[in-house]
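Engineer:
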Amino acid sequence: MNVPLTPLRCLQRAQELFGQKTGVVCGPRSFTYQQFAERCQKLATALPKHGVTAGDRVAYLSFNTHKLLEGYYGVIQAGAIVMPLNVRLSSGELITIFNHAGVKVLLFENDFAGLVEQLKPHCPTVERWVSLDDGHELADFPYEALLAEGRPEEPDIFSVDENATAELFYTSGSTGTPKGVMLTHRNLYLHALGVLNLAQDPNHTVDLHTIPLFHANGWGKPQCSTMNGFKQVMVRRFDPVTVLGLIQEHQATEMSLVPTMANMLLNSPELGKYNLSSMRVIMLGGAAASPELVAKLEAAFHCDVRAGYGLSETCPVLTCARQKSTVVYADDQDRYRHQAMAGWPILGVRVQVVDLYDKPVPQDGQTIGEVVAQGDNIMSGYYREPDATAAVVRNNWFHTGDMAVWDEEGYIHIVDRKKEIIISGGENISSIEVERAICMHEAVLECAVVAAPDTEWGEVPAAVISVKPGYELTEEALMAFLKTRLGKFKLPRICEFIDEPLPKTGTGKIRKLILRERFWSDKQKRVQG
1 MNVPLTPLRC LQRAQELFGQ KTGVVCGPRS FTYQQFAERC QKLATALPKH
51 GVTAGDRVAY LSFNTHKLLE GYYGVIQAGA IVMPLNVRLS SGELITIFNH
101 AGVKVLLFEN DFAGLVEQLK PHCPTVERWV SLDDGHELAD FPYEALLAEG
151 RPEEPDIFSV DENATAELFY TSGSTGTPKG VMLTHRNLYL HALGVLNLAQ
201 DPNHTVDLHT IPLFHANGWG KPQCSTMNGF KQVMVRRFDP VTVLGLIQEH
251 QATEMSLVPT MANMLLNSPE LGKYNLSSMR VIMLGGAAAS PELVAKLEAA
301 FHCDVRAGYG LSETCPVLTC ARQKSTVVYA DDQDRYRHQA MAGWPILGVR
351 VQVVDLYDKP VPQDGQTIGE VVAQGDNIMS GYYREPDATA AVVRNNWFHT
401 GDMAVWDEEG YIHIVDRKKE IIISGGENIS SIEVERAICM HEAVLECAVV
451 AAPDTEWGEV PAAVISVKPG YELTEEALMA FLKTRLGKFK LPRICEFIDE
501 PLPKTGTGKI RKLILRERFW SDKQKRVQG
């Protein structure tokens with residue numbers, strides 16, 4: 001029997017086996033898996049009444065809520081593609097994405113009404129604007145009214161094309177041009193199985209959704225946690241005290257953090273005031289972890305702490321630094337070192353580190369190469385970008401653009417980036433995109449944007465700017481200019497203005513390595529990854 005692989009089977013399983021168990025908690029509201037499944041099914045049967053057909057893009061502007069989680073199932077049951085949007089993007093960036101994707105329906109929290117007002121005149125493909133709250137003057141109707149039009153009808157799993165796109169995530173990439181990552185039903189289902197294999201004591205897991213669901217498929221938790229009937233607690237917006245309180249209230253056992261979040265928790269004056277004894281696993285990703293961070297988290301939460309690695313293009317998890325049966329730690333320091341690495345592949349994934357000729361480099365922990373991967377969870381391609389897809393998927397290997405070393409046990413350790421990407425607080429920032437925005441200012445002759453170290457965010461954008469003769473430019477004036485062109489998290493945190501041209505190679509290319517040294521000369525050379 002050939003049963004299509006689809007995330008809809010994750011919810012079907014939860015409904016059948018854990019129907020009366022509390023499945024999703026969102027603020028004061030909670031739903032059993034039976035109730036949650038019926039809401040997803042009502043969404044699925046209501047959307048076609050508003051013109052949604054197979055392959056249409058249904059977008060969300062929302063923080064972590066049960067309604068966004070319902071979209072992960074209801075939208076794809078309707079045969080459409082769910083598009084969780086990064087809420088930190090500017091209106092200009094979102095307009096580009098909307099028109100490239102041809103979004104048909106937008107569901108938004110009223111917190112983003114100001115953005116929606118700017119989007120409406122410039123996004124002609126959107127036919128329905130739906131408020132996820134009780135309604136808004138910019139919306140055609142509220143979400144609950146939409147659900148009221150539907151009915152709880154179980155999906156026909158056998159009618160699903162497992163190779164059809166289920167999710168579309170936009171990432172700016174190295175060129176600054178937004179690219180839509182197409183994740184298929186098959187990708188998502190098999191990725192969920194791979195992530196589930198990492199779980200400890202799955203029968204008693206309470207998963208805290210600390211990572212935004214709009215970020216890289218929520219790190220696979222929407223499907224994995226549902227598949228195994230985990231209690232899922234939504235963290236609408238990350239706040240240390242809120243997270244600590246939710247751990248105590250719901251006896252949470254598992255959460256995922258980028259290092260910025262981890263440091264915020266560790267530095268919270270409220271840390272010692274909560275009972276955190278239920279926590280068993282903390283996953284670190286989105287940026288490089290350090291052995292010191294792993295040690296501090298273990299001391300504070302008394303649980304297993306592991307780093308991992310992946311990309312939006314891989315659903316996202318490729319590797320995890322859980323213990324390997326063939327590895328014996330010399331001592332705690334060796335264990336912290338291993339657990340802070342990118343780790344070794346999850347089920348269904350094959351990873352290598354290769355040279356310029358795509359040949360594996362020695363597994364000596366010293367020779368640097370590019371990380372390439374094969375796996376069931378690797379995207380089908382970039383939406384409407386065949387050339388960009390061909391550039392990264394070659395000879396049946398996905399080229400990540402990340403540079404690493406690996407050892408004889410297959411542990412990957414990211415050491416640098418092939419692309420000029422800045423990772424700040426777990427978010428990818430294209431230096432080229434920021435440079436383009438800066439160069440639009442009339443006073444700018446040329447500029448370069450590089451990563452600078454930051455104790456809170458890991459890396460932040462730093463701009464070195466050459467001002468045109470006869471012009472004056474201040475940081476305040478530049479920031480005011482950029483705020484309408486870039487999301488807040490992409491704005492340079494450091495601006496240096498110089499009167500001379502930027503250093504260049506013989507071919508006229510700006511020598512970013514020299515500029516980067518201005519900020520890293522007295523720091524350890526490491527990269528977020």
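Sequential numbering from 1 applies to the sequence shown in UniProt numbering.
For glycine and all other residues, C-beta sits at the position ideal for the given N, C-alpha and C.
Small disclaimer: the values here were computed from a predicted structure and weren't measured.
Taking glutamate 446 as the reference, which of Val393, Tyr471, Ile438 has the closest Cα?
Structural biologist: That would be Ile438, whose Cα lies nearest to the Cα of glutamate 446.
Engineer: Based on the DSSP secondary-structure assignment, which residues constitute the bridge partners of tryptophan 344?
Structural biologist: Note: tryptophan 344 sits in a beta bridge opposite Cys320.
Engineer: Quick one: any contact between the segment 266-281 and the segment 303-310, if contact means 3 or more CB pairs under 8 angstroms?
Structural biologist: The answer is yes - the segment 303-310 touches the segment 266-281, with three or more Cβ pairs under 8 angstroms.
Engineer: Enumerated in chain order, which unbroken segments of the beta strand (DSSP E) with a length of 3 residues or greater are wholly contained in the segment 376-421?
Structural biologist: The qualifying runs are 397-406, 412-417.
Engineer: Compute the distance between the beta-carbons of tryptophan 129 and leucine 115, then report whether it is under 8 angstroms.
Structural biologist: Contact flag unset, no.
Engineer: From Phe63, Phe230, Glu409, pick the residue whose C-alpha is nearest to that of residue 578; which is it?
Structural biologist: Given that the chain is displayed from residue 1 to residue 529, the structure contains no residue 578 and the question cannot be resolved.
Engineer: In the DSSP assignment, find the beta strand (DSSP E) that holds residue 552 and state where it starts and stops.
Structural biologist: Examination of residue 552 is not possible in this model, given that the chain is present from 1 through 529 alone.
Engineer: Kindly list the residues whose CB is nearer than 6 angstroms to the CB of valine 126, restricted to its own chain and excluding five residues on each side of it in sequence; keep chain order.
Structural biologist: The answer, listed in chain order, is Val103, Leu106.
Engineer: Under DSSP, the alpha helix (DSSP H) around threonine 260 begins and ends at which residues?
Structural biologist: Residues 259-266.
Engineer: Kindly indicate which three-state DSSP category phenylalanine 108 falls into: helix, strand or coil?
Structural biologist: The answer is strand: DSSP assigns phenylalanine 108 an E or B state.
Engineer: Using the Cα positions of isoleucine 157 and proline 492, report the straight-line distance between them to the nearest angstrom.
Structural biologist: Cα-Cα distance, rounded: 47 angstroms.
Engineer: On a CA-only basis, which of Tyr274, His441, Glu270, Ser256 is nearest alanine 289? Give me that one, please.
Structural biologist: It is Ser256.
Engineer: So for valine 294, helix, strand or coil by DSSP?
Structural biologist: Looking at valine 294 - three-state DSSP - the assignment turns out to be helix.
Engineer: Where does residue 576 sit, in a helix, a strand or coil, going by DSSP?
Structural biologist: No answer is possible for residue 576: the residues shown for the chain start at 1 and end at 529.
Engineer: For glutamine 333, count neighbouring Cβ atoms within 10 angstroms of its own Cβ and tell me buried if that reaches 16, exposed if not.
Structural biologist: It is exposed - the Cβ of glutamine 333 has fewer than 16 other Cβ atoms within 10 Å.
Engineer: Which residue or residues does DSSP assign as beta-bridge partners of lysine 504?
Structural biologist: Paired residues: Ile510.
Engineer: If you draw a straight line from the alpha carbon of glutamine 366 to that of alanine 404, how long is it in whole angstroms?
Structural biologist: Roughly 9 angstroms separates the two Cα atoms.
Engineer: What are the residues that DSSP puts in a beta bridge with asparagine 60?
Structural biologist: The sequence shown places tyrosine at residue 60, rather than the asparagine named in the question. Partner(s): Pro84, Leu107.
Engineer: Quick one: grab the DSSP three-state call for proline 492.
Structural biologist: Residue state, collapsed to three classes: coil.
Engineer: Below 8 angstroms between beta carbons: does that hold for alanine 37 and glutamine 77?
Structural biologist: Not closer than 8 angstroms, so no.
Engineer: Give me, in chain order, the residues of the same chain whose beta-carbon lies closer than 6 angstroms to that of histidine 250; leave out the 5 immediate sequence neighbours on both sides.
Structural biologist: The answer, listed in chain order, is Val206, Val233.
Engineer: In whole angstroms, what is the alpha-carbon distance linking glutamate 144 and leucine 132?
Structural biologist: Between glutamate 144 and leucine 132, the C-alpha separation is close to 8 angstroms.
Engineer: Is it the case that the segment 91-99 contacts the segment 68-76, given that we only count it when at least three CB pairs across the two stretches are under 8 angstroms?
Structural biologist: No, the segment 68-76 does not touch the segment 91-99.
Engineer: Are the Cβ atoms of glycine 229 and histidine 191 separated by less than 8 angstroms?
Structural biologist: No. Outside cutoff.
Engineer: From the DSSP output, read off the bridge partner residues of serine 466.
Structural biologist: DSSP output for serine 466 lists Glu446, Ile498 as bridge partner(s).
Engineer: Give, in chain order, every unbroken run of the alpha helix (DSSP H) that is at least 4 residues long and sits entirely within the segment 205-235.
Structural biologist: Complete alpha helix (DSSP H) runs here, min 4: 221-227.
Engineer: What residue range does the alpha helix (DSSP H) around tyrosine 72 cover?
Structural biologist: Note, tyrosine 72: alpha helix (DSSP H), 66-77.
Engineer: Assign leucine 168 to buried or exposed, taking buried as 16 or more other Cβ atoms, counted over all protein chains shown, within 10 Å of its Cβ.
Structural biologist: Buried.
Engineer: Nearest-angstrom Cα distance between methionine 83 and glutamate 93?
Structural biologist: Going from the Cα of methionine 83 to the Cα of glutamate 93 covers about 15 angstroms.
Engineer: In this structure, what does DSSP give as the bridge partners for glutamate 167?
Structural biologist: Paired residue(s): Val82, Leu183.
Engineer: Comparing C-alpha positions only, which one of Asn197, Ser430, Asp239 sits nearest to serine 225?
Structural biologist: Among Asn197, Ser430, Asp239, the Cα nearest to that of serine 225 belongs to Asn197.
Engineer: Taking 7 angstroms as the cut-off, is the C-beta of glutamine 200 nearer than that to any heavy atom in the ligand MN?
Structural biologist: Absence of the ligand MN is noted for the structure shown, with no ligands found whatsoever.
Engineer: Indicate the three-state DSSP secondary structure (helix, strand or coil) for threonine 45 in the structure shown.
Structural biologist: Helix.
Engineer: Would you mind working out which of Thr253, Val317, Pro240, Arg485 sits nearest tyrosine 189, comparing C-alpha positions?
Structural biologist: With distances taken between Cα atoms, tyrosine 189 lies closest to Val317.
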